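Note that the numbering used here gives residue 357 to position 244 of the sequence shown, counting from 1, and the numbers run on in steps of one. Encoded as structure tokens, the structure appears first; notes follow it.
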Amino acid sequence: MRQFTTLIAFLFGFFAMAAGQEMHELSLQQAIELALQNAEELKNLRLDEQIQRHMNDESTGLLYPQVSASGQGTYYTARPQIQFPNSNFPIYQVLQDEGVKDGSGNPISTSQSTTTSQPISFVAPLNLQFGISINQILFQPDVFIALQARETVLQYARDNLKVSENNMKEAVKKAYYAVLIAEEQKRITEETSERLDQLTAEMTRMYQSGFTEQLDIDKIEVTRNNTVAAINQLANAINISKSLLKNTLGLPIEDEIALTEKLEPLDLEAILLARTDDFDYDIRNEITLLKTARRLQELDLKRQESAVLPSVAAFYSFDRAGQRNPDFAAPGESPWFWYNTGLLGISVQQPIFSGFQFKHRVSQAKLKLEKVDNNLSQVKRLIDMEQNVARNSLQNALLNLNVQERNTTLATEVYENTKRKYEAGLGSSLELIQADSALQQAQGGYFQALYDCYIARIAMEKSLGQL
């Protein structure tokens, strides 16, 4: 029963793992499209473009009236007061002037007056205030230049995305062909293993008939074992290459991929004949990106130079305030007192002197523009060098491929002739083993040359802007 439970648990885990896997059959173009869709780096660059769109819309909002409302309510638990003089001197002055006497018959004089102080508050206990304000930019140099730069900044984000997409295409092509060539090399090596199995079987029959020695069989067995080890190494290399390709494509590592492209004869004549003496650098996205950066830097210089211009804005505000003070209310009237205030105006700000900051900011912007020009010249020179190196590398890779292909053909013929001689009793097992080793070495050299040729072609396509 325990074994049955363990089996059920194993099967459940196996099917759960299988359900989580997905098989992807991919051509090269499908692999490129999948990578462009899944790569997090490219996703972030697309998000940067969307962010820039919203930033552009935010800048556009500066052209519209900026409206805000406010409200405030205060209640004084203890009101501020002032000392107000309280004197009866004026009354005694009148009495003295009129010659009025007191009850004892003595004349009343101002010397009998008194002066005191009385705390009085002119602040209402409860105050309410509501208001609305409107501000409208009429002219502000940096804002208007920022609005001019909206499309250029957005284009910079697009160009940056294109550069990264080209780099992704290059990485996918290299990883794809690495898997494809390794799989083809493994297939050829497996055919070699089958050939050695057949040879071992034939030599065993010859040994049983007394036409060969056990030593010859052992030598072939050693060669066969080395071939099996090479197959295992190639299988491991394929798994690693597929993991790298899946990571480049943005696929889960547990998914399976099958490549549908076939290795076909390379047609490199057209790309080798491509002229570069009148090359249009604008084909390269790196140049387009730098030219967009230059336009942005020109706008920044314009912004710095416009800092001496005035800024003009219109404003309007309206407030309604209320005060509640029962002490000041007439009998039968409301204790509230309401009033309105309105204000309409234009403000002008004119920079006059900023401690030479303006001069140095303009100088910085000009130097930054010069740096962009230097970068453009440098990248063009690097493209020229890249094209020259790529062309030479491709020519050498093609020559080496032709040599290795010829070597493989010759090694195959040598092996077949040596095998026939050995079967006829005219050759030794050592010669046969040496011929087989030479054939395997030629095949390994051919596949390495084939990979180098594909990599060189990709580099040439990139240098010409044809990825």
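The beta carbon of each residue, even a glycine, is placed where N, CA and C say it ideally should be. Quick caveat: nothing in here was measured; it's all calculated off a predicted structure.
Out of P178, N339, Q463 and I496, the CA that lies nearest to the CA of Y429 is found in P178.
Distance between T227 and F450, taken at the CA atoms: about 36 Å. H473 has its alpha-carbon roughly 58 Å from the corresponding atom of Q561. According to the DSSP assignment, R474 belongs to the alpha helix (DSSP H) that extends over Q470 to E536. Counting the other CB atoms within 10 Å of its CB gives K484 a total below 16, which places it among the exposed residues. For A434, the uninterrupted beta strand (DSSP E) run begins and ends at S424 to R437, by DSSP.
The alpha carbon of Q556 has as its nearest neighbour, out of L309, D390 and T305, the alpha carbon of T305. By the CB criterion at 9 Å, S140 and E374 fall inside the cutoff. In the DSSP assignment, no residue is bridged to Q327.
By the Cβ criterion, the stretch 283-294 is in contact with the stretch 142-160, since at least three pairs of Cβ atoms, one from each stretch, lie closer than 8 Å. In terms of Cβ geometry, Q410 and V475 do not form a close pair [threshold 9 Å]. The beta carbons of V425 and F252 sit closer together than 9 Å. By the Cβ criterion, the stretch 178-195 is in contact with the stretch 233-249, since at least three pairs of Cβ atoms, one from each stretch, lie closer than 8 Å.
DSSP places I465 outside both helix and strand once states are collapsed to three, so it counts as coil.
In the displayed model, A191 falls within coil according to three-state DSSP, outside both helix and strand. In this structure C566 touches A510 by the C-beta definition: roughly 4 Å separates them, less than 8 Å.
A distance below 9 Å separates the beta carbons of K275 and L402. Counting along the chain, no beta strand (DSSP E) covers A406; the unbroken alpha helix (DSSP H) around it starts and ends at N398 to E418. At least 9 Å separates the beta-carbon of S200 from that of Q209. One Cα belongs to Y528, the other to L309, and the distance between them is close to 12 Å. In this structure, DSSP gives Q134 a state outside helix and strand, which the three-state scheme calls coil. In this chain, the beta strand (DSSP E) harbouring N248 covers L239 to F252. In the DSSP assignment, Q225 falls outside any alpha helix (DSSP H) and carries neither an H nor an E.
Inclusion of Q553 and A270 in the CB contact set at 9 Å is not warranted, their separation being larger than that value.
Under the three-state reduction of DSSP output, F197 falls in the strand class. About 17 Å separates the beta carbons of Q436 and A191, which is beyond the 8 Å limit, so they are not a contact pair.
Assigned with DSSP and collapsed to three states, A262 falls in coil, not helix or strand. The C-beta distance from T173 to Q268 rounds to 17 Å, too long to fall under 8 Å, and the pair is not in contact.
Between L580 and L376, the CB-CB gap reaches or exceeds 9 Å. Assignment of Q142 by DSSP, reduced to helix, strand and coil, places it in the helix class. For A562, the enclosing alpha helix (DSSP H) starts and ends at S542 to S576. With contacts defined by Cβ atoms closer than 9 Å, Q165 and V266 form a contacting pair. For Q298, the number of other beta carbons within 10 angstroms of its own is at least 16, and it is reported as buried. By alpha-carbon distance to Q517, the top candidate from G558, A478, P464 and Q194 is G558. Cβ neighbours of L489 within its own chain (closer than 6 Å, five residues either side excluded): L403. Counting along the chain, no beta strand (DSSP E) covers L158; the unbroken alpha helix (DSSP H) around it starts and ends at E153 to T173.
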